[in-house]
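J.: Dumping the structure here so I can ask a few things about it.
Numbering (the numbering used here), first residue to last: 57 to 247.
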């Protein structure tokens, strides 16, 4: 059984909060990717191929690339799954205007390291994944968790977000609200 044939009996793949654990190539100098392929490391040749294949915009300065997430999505698309759901913390997320200054969200556009106990993961540049899925013939829908997890902005929540309170309960609520905006999803569908 080949890797792609394994997926023939499935219509849906769900990768929820795992793609940030996949390999990320870090601190890539964009000038190196402009050099002839024979003069650069094979991993950077792979990075260059990804940029060329999907028309990704080359950043001006050093950047990180979620190569594992991209390769996983390619495999799922190539296997012909009808529906693919991916979600993870995004490096492109932003707070809505009404919450700017209240939430600790900074959209760098460059995948950032998240140190965890026992391993690191990286935030995801979802615009790259959209480009891959669309190039592979999928329709895409992208958003943040707050699209389907609603909350009431009460006086109590306003106090929690504005007071700087250090109570454990308040810190948990602040992080939860931030995660609703920093966690993005991508749904890719092929008819």
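Beta carbons: idealized from backbone N, C-alpha and C, even for Gly.
Remember, it's a predicted structure, so these values are computed and weren't measured experimentally.
#1: Is the beta carbon of residue 121 less than 7 Å from the beta carbon of residue 103?
#2: For residue 61, tell me which candidate among 84, 136, 227 and 92 has the shortest Cα-Cα distance.
#3: Output yes or no for whether 7 Å exceeds the beta carbon distance between residue 177 and residue 77.
#4: Residue 178 by DSSP, collapsed to three states: which one?
#5: From the DSSP secondary-structure annotation, give me the bridge partner or partners of residue 242.
#6: For residue 69, which three-state DSSP category applies?
#7: Which residue marks the beginning of the alpha helix (DSSP H) containing residue 103, and which one marks its end?
#8: Could you name the residues of the same chain whose beta carbon sits closer than 6 Å to that of residue 140, not counting the 5 residues immediately before and after it, in chain order?
#9: Who are the Cβ neighbours of residue 194 in its own chain at under 8 Å, not counting the five residues just before and after it?
#10: When DSSP labels each residue in this structure, what does residue 119 get in the three-state scheme?
#11: I need the DSSP call for residue 212, collapsed to helix, strand or coil.
#12: Should residue 228 go down as buried or exposed, given a rule of 16 or more other Cβ atoms within 10 Å for buried?
#13: Quick one: is residue 225 buried, meaning 16 or more other Cβ sit within 10 Å of its Cβ, or exposed?
T.: Based on what the coordinates show:
#1: yes
#2: 136
#3: yes
#4: strand
#5: 142 and 198
#6: strand
#7: 98-110
#8: 69, 132 and 244
#9: 133, 140, 244, 245 and 246
#10: strand
#11: helix
#12: exposed
#13: exposed
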